[in-house]
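Number of protein chains: 2
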Amino acid sequence: MMPLMAHAHTAREKARLLREAERVCAAAGEQFTPLRRQVFELLTQAHAPAKAYDLLAKLGGDAKPPTIYRTLEFLMKLGLVHRIESLNAFVACDVGACGRSTIFLICDRCGHAEEFDAGHALVDLGEAAARDGFEIKRTMIEATGLCAECKAA
Amino acid sequence: MMPLMAHAHTAREKARLLREAERVCAAAGEQFTPLRRQVFELLTQAHAPAKAYDLLAKLGGDAKPPTIYRTLEFLMKLGLVHRIESLNAFVACDVGACGRSTIFLICDRCGHAEEFDAGHALVDLGEAAARDGFEIKRTMIEATGLCAECKAA
DNA sequence: GCACGGTACGTTATCTTGTCACGTAGGATG
DNA sequence: CATCCTACGTGACAAGATAACGTACCGTGC
């Protein structure tokens with residue numbers, strides 16, 4: 005199990021994510037506009053899930069809420085960004101790595117969020133729900149606790 | 005796998021839930037005040053997850069936000085109520101039935117939320133995270149889709 | 001060239017959700 | 001009976017999100 009969060013520690017990593025994003029966007033027949041690029045970049049640089057209004061502030065100028073929400077919605081549609089419901093915050097995610105099966109491990113102390121592959125757990129869940137007649141479209145797993153670093157400290 | 009949501013269809017069921025709640029409360033050395041009882045009752049009667057401000061309105065009088073949030077926080081602390089993050093809403097839950105392992109199946113169409121026992125899935129998740137040094141304290145799984153009734157219709 | 005339609009984005013206003021800080025009433029305890 | 005704690009009230013406001021409408025730009029086809 006490996007952390008999949010698109011958290012660019014290096015310039016090379018960030019460049020790779022951007023290229024990936026461009027590719028996904030083109031494949032979907034959508035435009036990777038400067039605004040969308042900027043928001044995605046801000047997210048890849050964030051050390052923790054970013055709030056909508058914080059991103060908005062970083063856009064400079066005097067952007068209004070719909071701007072950031074529309075952009076985030078777009079990026080989520082393409083699977084480039086995830087929303088963390090329990091935090092009302094957003095993270096960039098590594099394309100391809102995250103199918104529909106993702107888990108976020110959120111550290112209560114440092115705020116870091118790591119994305120994991122849920123593996124078989126979600127398959128089981130889908131099957132179990134199906135036996136009850138429920139058809140799952142989207143699953144969200146958010147686990148909070150202490151990350152390795154914070155536990156050590 | 006059985007629905008565990010504390011959604012009282014009958015007066016007898018509701019009375020049972022209230023007694024359970026009183027018991028849990030007493031066991032924790034806390035008071036089950038009229039306000040707390042009223043909020044819990046409202047939740048057991050709800051046909052779907054209830055929003056904080058809707059509950060607030062139903063309290064009658066002119067209750068202010070902190071009143072309902074404090075009360076919900078208290079009930080959550082005792083494990084009598086769950087918050088559904090993706091909806092910003094709350095449900096009563098069946099005490100004892102819900103340990104740490106709960107999943108909500110939320111119907112996109114009718115809004116109904118059923119609580120399920122996550123079974124082994126969460127155990128696996130906890131172990132997998134632990135191998136990475138992450139210590140999970142609380143896990144939240146919210147799956148959206150179509151319930152059996154809505155799929156039929 | 002220019003009307004047409006679509007996508008992206010700006011702008012204003014408003015609504016919903018949640019919290020902070022402080023005050024008070026009432027019971028328990030010494 | 002002074003003190004403390006818990007529960008709750010109150011006013012103010014911060015944070016999160018959306019609705020409704022306008023415009024600029026870019027293509028396409030006549």
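Line by line, the protein sequences are chains R and Z.
Its first residue numbered 5, the first sequence is counted upward by one per residue in my numbering.
Its first residue numbered 5, the second sequence is counted upward by one per residue in my numbering.
Every residue, glycine too, gets a C-beta built ideally from N, C-alpha and C.
Because the structure is a prediction, the values reported are computed rather than measured.
- Within the stretch 10–61 of chain Z, the complete alpha helix (DSSP H) segments at least 4 residues long are 15–31, 38–49, listed from N- to C-terminus.
- Following the DSSP letters along the chain, one finds C154(Z) inside the alpha helix (DSSP H) bounded by residues 152–156.
- Under the 8 Å criterion on CB atoms, D98(Z) is classed as non-interfacial with respect to chain R.
- Under the three-state reduction of DSSP output, A96(R) falls in the strand class.
- Between E139(R) and L150(Z), the C-beta spacing is below 8 Å.
- Those residues of the stretch 134–150 of chain Z placed with their C-beta closer than 8 Å to a C-beta in chain R are R135, D136, G137, F138, E139, I140, K141, R142, T143, M144, I145, E146, A147, T148, G149, L150, ordered along the chain.
- The criterion of a C-beta distance shorter than 8 Å is satisfied by A54(Z) and L47(Z).
- The C-beta separation of E26(R) from F36(R) comes to about 5 Å, placing the pair in contact by the 8 Å criterion.
- The C-beta distance from L76(R) to V43(R) rounds to 7 Å, short enough to fall under 8 Å.
- Counting of Cβ neighbours within 10 angstroms places T106(Z) among the buried residues, the total reaching 16 or more.
- Rounded to whole angstroms, the separation of the alpha carbons of T143(Z) and A30(Z) is 26 Å.
- Going by beta carbons, E89(Z) and C114(Z) fall outside the 8 Å limit.
- Within the same chain, and ignoring the five residues on either side of L63(Z) in sequence, no residue has its Cβ closer than 6 Å to its Cβ.
- In chain order, P53, A54, K55 place their CB closer than 7 Å to the CB of A93(Z), counting only its own chain and leaving out the 5 sequence neighbours on each side.
- Taking 8 Å as the CB threshold, E131(R) stays off the interface with chain Z.
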